[in-house]
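Chemist: Structure in C-alpha cells, see below.
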Amino acid sequence: MSTETDTQTEKQSRFGGLDGYRIALYTVLGLLVLFFLTPIESGLVTSLKTATAVTNTEPYLPPLSGAEFSLENYATAFDALANGVFNSLLFAIPATVVSALFGSFAAYGLTLVDWKYQVPILVLFVAGVFIPYQAVLVPLSRLYSIIDFAALLSFVWALTPLSPEYANLVELAVTHIAYGIPICTVLFRSYYTTMSEEMMEAARLDGASVRRIYRRIVFPLSTPMFAVVLIYQFTQIWNDLLFALVIVATSSSPASPVTLDLAGLGVSMQGQDFGLRMAGAFIAALPTLLVYIAFGDEFAEGVAT
Amino acid sequence: MKEFFERVRRATSGRSADRGAGADGSDPEESDGPAESGAAVTDGGVATGSDRGGTTGDDPGALRRAFDRIDDRLGRDFVESSPFWLPAFLLMGFFVYGAIGWNVLISLTDYRGFGTVDYSQLDFDMYVRAFQSSAVQQAAINTFVLLLGFTIVCLIFGMLLAILLDRRVRYDNSLRLIYLLPMSLSFVVTAQFWLWMYDYSNGIVNQVLGLVGLGPYNFIGNPQLVLGAVIFALVWQYSGYAMVVYLSALRAIPDEHFEAAKVDGASVVRMYWRVIVPQLRSATISAAVVIMVFALKAFDFLYSLVGGYRPPNGADILATLMVREAYQNTNWAYGSAIAVILFMMALAVIGPYLVYQYRNDAL
Numbered sequence: 001m002s003t004e005t006d007t008q009t010e011k012q013s014r015f016g017g018l019d020g021y022r023i024a025l026y027t028v029l030g031l032l033v034l035f036f037l038t039p040i041e042s043g044l045v046t047s048l049k050t051a052t053a054v055t056n057t058e059p060y061l062p063p064l065s066g067a068e069f070s071l072e073n074y075a076t077a078f079d080a081l082a083n084g085v086f087n088s089l090l091f092a093i094p095a096t097v098v099s100a101l102f103g104s105f106a107a108y109g110l111t112l113v114d115w116k117y118q119v120p121i122l123v124l125f126v127a128g129v130f131i132p133y134q135a136v137l138v139p140l141s142r143l144y145s146i147i148d149f150a151a152l153l154s155f156v157w158a159l160t161p162l163s164p165e166y167a168n169l170v171e172l173a174v175t176h177i178a179y180g181i182p183i184c185t186v187l188f189r190s191y192y193t194t195m196s197e198e199m200m201e202a203a204r205l206d207g208a209s210v211r212r213i214y215r216r217i218v219f220p221l222s223t224p225m226f227a228v229v230l231i232y233q234f235t236q237i238w239n240d241l242l243f244a245l246v247i248v249a250t251s252s253s254p255a256s257p258v259t260l261d262l263a264g265l266g267v268s269m270q271g272q273d274f275g276l277r278m279a280g281a282f283i284a285a286l287p288t289l290l291v292y293i294a295f296g297d298e299f300a301e302g303v304a305t
Numbered sequence: 001m002k003e004f005f006e007r008v009r010r011a012t013s014g015r016s017a018d019r020g021a022g023a024d025g026s027d028p029e030e031s032d033g034p035a036e037s038g039a040a041v042t043d044g045g046v047a048t049g050s051d052r053g054g055t056t057g058d059d060p061g062a063l064r065r066a067f068d069r070i071d072d073r074l075g076r077d078f079v080e081s082s083p084f085w086l087p088a089f090l091l092m093g094f095f096v097y098g099a100i101g102w103n104v105l106i107s108l109t110d111y112r113g114f115g116t117v118d119y120s121q122l123d124f125d126m127y128v129r130a131f132q133s134s135a136v137q138q139a140a141i142n143t144f145v146l147l148l149g150f151t152i153v154c155l156i157f158g159m160l161l162a163i164l165l166d167r168r169v170r171y172d173n174s175l176r177l178i179y180l181l182p183m184s185l186s187f188v189v190t191a192q193f194w195l196w197m198y199d200y201s202n203g204i205v206n207q208v209l210g211l212v213g214l215g216p217y218n219f220i221g222n223p224q225l226v227l228g229a230v231i232f233a234l235v236w237q238y239s240g241y242a243m244v245v246y247l248s249a250l251r252a253i254p255d256e257h258f259e260a261a262k263v264d265g266a267s268v269v270r271m272y273w274r275v276i277v278p279q280l281r282s283a284t285i286s287a288a289v290v291i292m293v294f295a296l297k298a299f300d301f302l303y304s305l306v307g308g309y310r311p312p313n314g315a316d317i318l319a320t321l322m323v324r325e326a327y328q329n330t331n332w333a334y335g336s337a338i339a340v341i342l343f344m345m346a347l348a349v350i351g352p353y354l355v356y357q358y359r360n361d362a363l
C-alpha cells in the first residue's frame with residue numbers, strides 16, 4: 001500500500017494530502033458505497049427469504065439457514081411478470097432502435113450541414129427533452145382512440161398468436177419513439193459538433209451528396225455514440241411507467257409491460273409481502289441491471305451529456 | 001481525415017467518374033476563396049437535383065430550379081438535408097408541440113366521462129375551478145417543495161461526491177459506477193426498495209435511527225414525513241447524476257487553480273469554496289434543470305409506492321393529481337387544465353435555461 005502511495009505522490013501533488021487524511025477519505029467513500037448499495041442489498045436478501053424469515057430476521061442479513069432460504073418468491077414473481085417482461089422487450093427494443101436512428105438523422109441534418117435556422121429548429125428539439133409528459137397525456141389518449149391500431153393491424157392478430165390488445169404496444173412504441181427523439185438528437189448532436197467540419201467540407205467539394213456523407217462518413221463514425229444512445233434509451237423506455245399506465249391502463253391486460261405488472265403486484269397481494277415484491281423488483285430490473293453492468297461507462301457517458 | 005477524404009472520393013467517383021475527376025482538378029482553386037467554393041457547391045446541388053428529378057419522372061428542370069431557389073433562401077444544404085431532420089421533426093413536433101396545443105384546447109372545454117370532446121364552447125372554467133381547489137393548491141405547494149428540496153439536496157450531495165472522487169482516489173471509476181447504479185433502475189423498482197427500507201417494524205431506516213435512540217417512524221403513513229422520505233429516496237437515486245456532471249466539470253479545471261490556492265496557504269475547504277465551486281456555475285445550472293425534470297417524473301415513484309392513483313397523504317403532487325383526475329375520475333378537461341399549470345411551472349424553469357444556453361452558444 002505504501003509503495004503504491006509513493007508512486008502516486010506525483011499524481012497527488014494537485015492535492016497534497018496526509019495519510020491520515022486519505023484514510024478518512026476512503027472511509028467516507030466506503031460509507032457512501034454502503035449508502036448506495038444498502039437498499040439494493042436489503043432487497044436482494046429479502047427476496048430470498050421465506051415469509052416468516054422476512055419478518056423475524058434482520059433486513060440486511062442474508063438467509064442464514066436452509067429454513068429461512070426460499071426461491072418461492074422468485075417462482076411466484078416470475079409467473080406474474082414473465083409475460084410483462086416479454087411484452088416490454090417486444091416494444092422497447094424496436095422503439096429504442098428507431099428513436100436512436102431518428103435522433104442520429106436529425107442531429108446530422110441539424111449539425112453537420114449548411115443551412116440557415118438550424119439553431120431555432122434545434123431549440124425546439126432541446127425543449128422537447130424537458131416537457132412534463134402530463135401535458136400531453138389527454139391528447140395522447142384521444143389520439144389513440146381516434147387512430148385504431150387494433151383495427152389497422154388486424155392482419156397481425158390474424159397471422160400471429162398475439163391478441164388485439166397488443167395494438168397497445170404499437171402505440172407505446174410510437175409514443176416512446178416520438179418522445180425519445182429529442183434526447184437522442186441532443187446526445188448525437190453533442191457528439192457531431194466534435195466532428196471535423198473540414199472533413200465534411202472536403203467531401204462536399206468532392207461532390208459527395210449529403211446522404212452519401214452520412215452513409216460513408218458520419219454513420220460509421222457514430223458507432224460509439226450509438227452504443228451510448230441505445231443503452232440510455234433502452235433504460236428509459238424499459239423503466240417507464242406513465243405511458244404504459246395511460247395507454248395500456250391495466251395490468252390485467254395481456255399486453256401490459258413489466259413496470260405496470262410490478263406496480264400492480266403490490267396491489268393484488270393482501271398485506272405487504274415484501275419478499276415477493278423484492279423478487280418482482282429484481283426480475284423487472286434485471287435487463288437494465290445487466291445492461292448497466294456490461295455497459296456502465298456508456299450509460300455514464302449518456303447521462304453526462 | 002485524409003483517409004475519409006479518400007474514401008469519399010472513391011465513393012463519389014464510383015457514381016460518376018467524370019464529374020469526380022472534374023471536381024478533383026478544380027479543387028485547389030475553388031477551396032481558396034469563399035466565392036469560388038460557393039460556385040462548386042451550386043454544382044453539387046445541380047447534380048443531386050437532376051438525380052432526384054430523374055427518379056420522380058417530373059420535369060427535372062423545374063423541380064431543380066425550385067430546390068435551388070429554396071436553397072438560395074435557406075442555405076445550400078437545406079433541401080438535401082431535410083430528409084434527415086424533417087421526419088423526426090414532424091413526428092416530434094406533432095407529439096410534443098401539437099399535443100401540448102391540443103391539451104390547452106381540451107382544457108378549455110368541459111370534456112369529461114366517456115365519449116368525444118365538444119370544442120364548440122371554450123372557456124376558462126376549469127382553470128377557475130383548479131385555482132379554487134384546495135387539492136390543487138396543496139399539490140402545487142408539494143410540487144414546489146419536492147422540486148426545490150430535491151434539486152438543492154441533490155446538487156449539494158452530488159457536488160460533495162464529485163469533489164471526493166476527484167481527489168485522485170483509487171478505483172474512482174468503479175466508485176462512480178456504484179454511485180450511479182440506482183439511476184439505471186426504474187422508479188417502479190426503487191419504490192419497492194424504499195417501501196421496504198421505510199417499513200415501520202423491519203425497515204433499515206428505522207433500525208439505523210434506533211441506534212441513535214430515534215423512532216421508529218411511520219415514514220409513508222405520516223403526512224408530515226412522507227414528502228421528506230420521498231425526497232430522500234429520490235436523492236439516493238439521482239445524486240449520482242449530479243456527481244457525474246460535476247465530475248466532468250471538475251476535471252476540466254486546470255491544475256494550476258488548485259496549486260495557486262495551495263501556495264496561498266488556503267485550507268482545503270477554503271480552496272474549494274473560494275476557487276473551485278465558483279467555477280462550477282454552468283455545470284450547476286445544467287444539472288439543476290435536468291434534476292428538476294427528474295423531479296417532475298416522480299409520478300412513477302409515487303404511483304408505485306401505493307400501487308394506485310392516490311399517493312400517500314401529504315405527497316400528492318400536481319403530476320399525480322392530474323393523472324388521477326383524468327384517468328381515475330375521467331375529468332379530462334380538468335386534468336388537462338392541471339397539466340397546463342404544471343407545464344407552466346416547468347416552462348418557468350426551462351425557458352430561462354434555454355435562453356441562457358442559446359446566448360452562450362451552448363446548444
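Heads up: the protein sequence lines correspond to chains E and V, in order. 1 is the number of the first residue of the first sequence in the UniProt record's numbering; add one for each residue after it. 1 is the number of the first residue of the second sequence in the UniProt record's numbering; add one for each residue after it. Where a beta carbon is used, it is the ideal one built from N, C-alpha and C, also for glycine.
#1: For V/Phe124, which of helix, strand or coil comes out of DSSP?
#2: At a cut-off of 7 Å, is E/Gly109 close to the ligand ATP when judged by its beta-carbon and the heavy atoms of the ligand?
#3: Starting from the C-beta of V/Met292, find all residues in its chain whose C-beta is less than 6 Å away, skip the five residues before and the five after it, and write them out in chain order.
#4: What separation, rounded to the nearest whole angstrom, lies between the Cα atoms of E/Val248 and V/Asn313?
#5: List, in order along the chain, the chain E residues whose C-beta lies closer than 7 Å to that of V/Pro311?
#6: If I measure Cβ to Cβ from V/Tyr241 and keep anything under 8 Å in the same chain, skipping five residues before and after, which residues do I get?
#7: Report the three-state DSSP secondary structure of E/Phe69 (helix, strand or coil).
#8: Is V/Tyr238 close to chain E, meaning its C-beta is less than 8 Å from at least one C-beta of that chain?
#9: Thinking just about the alpha-carbon of each residue, which of E/Thr57, E/Val303 and E/Met225 is nearest to the one in E/Val45?
#10: What residue range does the alpha helix (DSSP H) around V/Gln357 cover?
#11: For E/Phe299 versus V/Ala346, is the C-beta distance shorter than 8 Å?
#12: Alpha carbon to alpha carbon, how far is E/Ala67 from V/Leu90?
#13: At the level of alpha carbons, what is the spacing between V/Gly335 and V/Tyr327?
#14: Would E/Asn87 be called buried (16 or more neighbouring beta carbons within 10 Å of its own) or exposed?
#15: Contact check, E/Ile237 vs E/Gly180 under 8 Å by CB: the rounded distance?
#16: Can you pull the DSSP bridge partners for E/Lys49?
#17: Going by Cα to Cα distance, which pick from E/Phe36, E/Asp19, E/Phe91 and E/Gly43 is closest to E/Ala285?
#18: From which residue to which residue does the alpha helix (DSSP H) around E/Gly296 run?
#19: Please return the same chain residues whose Cβ sits closer than 7 Å to the Cβ of E/Tyr144, not counting the five positions on each side in sequence.
#20: Is there a Cβ from chain V that is less than 8 Å from the Cβ of E/Val45?
#21: Less than 8 Å between the beta carbons of residue 370 of chain V and V/Leu296, yes or no?
#22: So, is V/Gly61 buried or exposed, given that buried needs 16 or more other C-beta atoms within 10 angstroms?
#23: Report the three-state DSSP secondary structure of V/Ala362 (helix, strand or coil).
#24: Quick check on E/Asn56: does DSSP put it in helix, strand or coil?
#25: Three-state secondary structure (DSSP) at V/Ala233?
#26: Kindly list the residues whose CB is nearer than 7 Å to the CB of E/Pro287, restricted to its own chain and excluding five residues on each side of it in sequence; keep chain order.
#27: Would V/Val96 be called buried (16 or more neighbouring beta carbons within 10 Å of its own) or exposed?
#28: Would you identify the three-state DSSP class for E/Trp238, choosing helix, strand or coil?
#29: What would DSSP say about E/Tyr117, mapped onto helix, strand or coil?
#30: For the segment 175–196 of chain V, list every residue whose C-beta sits within 9 Å of some C-beta in chain E, in sequence order.
#31: E/Leu89 CB to nearest chain V CB: under 8 Å?
#32: Hey, E/Ala53 and E/Pro63: beta-carbon distance below 8 Å or not?
#33: Unbroken beta strand (DSSP E) runs of length 3 or more, entirely within the segment 88–150 of chain E: which are they?
#34: Mind the definition here: the segment 112–119 of chain E touches the segment 77–89 of chain V only if three or more C-beta pairs lie below 8 Å; say whether that holds.
#35: With distances taken from CA atoms, which of E/Ser65, E/Phe188, E/Thr55 and E/Arg212 is nearest E/Thr223?
#36: Counting contacts by CB-CB distance shorter than 8 Å, is V/Ala326 in contact with chain E?
Modeler: Walking through what the data contain:
#1: As a working note, residue 124 of chain V is residue 124 in the second sequence. Coil.
#2: Only the bare structure without any ligand can be found here, which leaves the ligand ATP out of the picture.
#3: Numbered from its first residue, the second sequence carries residue 292 of chain V at position 292. Correct list, in chain order: Leu147, Thr151 and Val349.
#4: In the first sequence, residue 248 of chain E corresponds to position 248, counting from 1. In the second sequence, residue 313 of chain V corresponds to position 313, counting from 1. Their backbone Cα atoms lie some 26 Å apart in a straight line.
#5: Counted from its first residue, the second sequence places residue 311 of chain V at position 311. Here the premise fails: no neighbours, minimum Cβ distance about 12 Å.
#6: Taking the first residue of the second sequence as 1, we reach residue 241 of chain V at position 241. Excluding positions up to five away in sequence, the list reads Cys154, Gly158, Leu180, Met183, Ala287, Val290, Ile291 and Phe294.
#7: Start at 1 with the first residue of the first sequence, and residue 69 of chain E comes out as number 69. Taken through DSSP and simplified to helix, strand or coil, E/Phe69 comes out as strand.
#8: Numbered from its first residue, the second sequence carries residue 238 of chain V at position 238. Output row for V/Tyr238: interface = no.
#9: Counting from one through the first sequence, the residue named residue 45 of chain E turns up at place 45. Ranking the options by Cα distance to E/Val45, first place goes to E/Thr57.
#10: Position 357 of the second sequence holds residue 357 of chain V. Looking at the DSSP string, the run of the alpha helix (DSSP H) that includes V/Gln357 is Trp332 to Arg359.
#11: Taking the first residue of the first sequence as position 1, residue 299 of chain E is located at position 299. Taking the first residue of the second sequence as position 1, residue 346 of chain V is located at position 346. Against a cut-off of 8 Å, the Cβ pair of V/Ala346 and E/Phe299 comes out as no contact.
#12: Here the question's residue 67 of chain E lines up with position 67 in the first sequence. Here the question's residue 90 of chain V lines up with position 90 in the second sequence. Here the C-alpha atom of E/Ala67 lies approximately 60 Å from the C-alpha atom of V/Leu90.
#13: Position 335 of the second sequence, counting from 1, holds the residue named residue 335 of chain V. Position 327 of the second sequence, counting from 1, holds the residue named residue 327 of chain V. Just so you know, the alpha carbons of V/Gly335 and V/Tyr327 end up roughly 8 Å apart.
#14: Numbered from 1 along the first sequence, position 87 holds the residue referred to as residue 87 of chain E. Result: buried.
#15: As a first step, residue 237 of chain E is located in the first sequence; it is residue number 237 there, counting from the start. As a first step, residue 180 of chain E is located in the first sequence; it is residue number 180 there, counting from the start. The Cβ separation is near 7 Å, so the contact holds.
#16: Translated into the one-based positions of the first sequence, residue 49 of chain E becomes position 49. In the DSSP output, where bridge partners are listed per residue, E/Lys49 has E/Phe69.
#17: As a first step, residue 285 of chain E is located in the first sequence; it is residue number 285 there, counting from the start. Residue nearest to E/Ala285 within the set E/Phe36, E/Asp19, E/Phe91 and E/Gly43 is E/Gly43 (criterion: CA-CA distance).
#18: The residue labelled residue 296 of chain E in the question sits at position 296 within the first sequence. Counting along the chain, the alpha helix (DSSP H) containing E/Gly296 begins and ends at Phe274 to Ala304.
#19: Counting from one through the first sequence, the residue named residue 144 of chain E turns up at place 144. Answer for E/Tyr144: Glu171 and Ile247, listed in chain order.
#20: Stepping through the first sequence from its first residue, residue 45 of chain E is reached at position 45. No Cβ of chain V is located within less than 8 Å of the beta carbon of E/Val45.
#21: Since the first and last residues shown for chain V are 1 and 363, residue 370 of chain V lies out of range.
#22: Counting from 1 along the second sequence, the entry for residue 61 of chain V is found at position 61. By the neighbour-count rule (16 or more Cβ atoms within 10 Å), V/Gly61 is not buried but exposed.
#23: On the second sequence, residue 362 of chain V is found 362 positions in, with the first residue counted as 1. In this structure, V/Ala362 counts as coil in the three-state DSSP scheme.
#24: Here the question's residue 56 of chain E lines up with position 56 in the first sequence. Shown here, E/Asn56 sits in a helix according to DSSP, grouped into three states.
#25: The sequence position of residue 233 of chain V within the second sequence is 233, counting from 1. Note: V/Ala233 maps to helix in three-state DSSP.
#26: As a working note, residue 287 of chain E is residue 287 in the first sequence. Cβ neighbours of E/Pro287 beyond the five flanking positions: Trp238.
#27: On the second sequence, position 96 is the one that residue 96 of chain V refers to. So V/Val96 ends up on the buried side.
#28: Here residue 238 of chain E refers to the residue found at position 238 of the first sequence. DSSP places E/Trp238 in helix when its eight states are reduced to three.
#29: For the purposes of this step, residue 117 of chain E is taken as the residue at position 117 of the first sequence. The answer is coil: DSSP assigns E/Tyr117 none of H, G, I, E or B.
#30: Of all residues in the segment 175–196 of chain V, the ones placed with a Cβ closer than 9 Å to any Cβ belonging to chain E are Leu175, Arg176, Leu177, Ile178, Tyr179, Leu180, Leu181, Pro182, Met183, Ser184, Leu185, Ser186, Phe187, Val188, Val189, Thr190, Ala191, Gln192, Phe193, Trp194, Leu195 and Trp196, in chain order.
#31: As a position in the first sequence, residue 89 of chain E is number 89, starting the count at 1. Not one chain V Cβ lies under 8 Å of E/Leu89.
#32: Taking the first sequence and counting its residues from 1, one reaches residue 53 of chain E at position 53. Taking the first sequence and counting its residues from 1, one reaches residue 63 of chain E at position 63. In this structure, E/Ala53 sits near E/Pro63, with a CB-CB distance shorter than 8 Å.
#33: List check, beta strand (DSSP E) in window: nothing returned.
#34: Contact between the segment 112–119 of chain E and the segment 77–89 of chain V is present: three or more C-beta pairs spanning the two stretches fall below 8 Å.
#35: Position 223 of the first sequence, counting from 1, holds the residue named residue 223 of chain E. That would be E/Phe188, whose Cα lies nearest to the Cα of E/Thr223.
#36: The residue you call residue 326 of chain V lines up with position 326 of the second sequence. So yes, V/Ala326 belongs to the interface.
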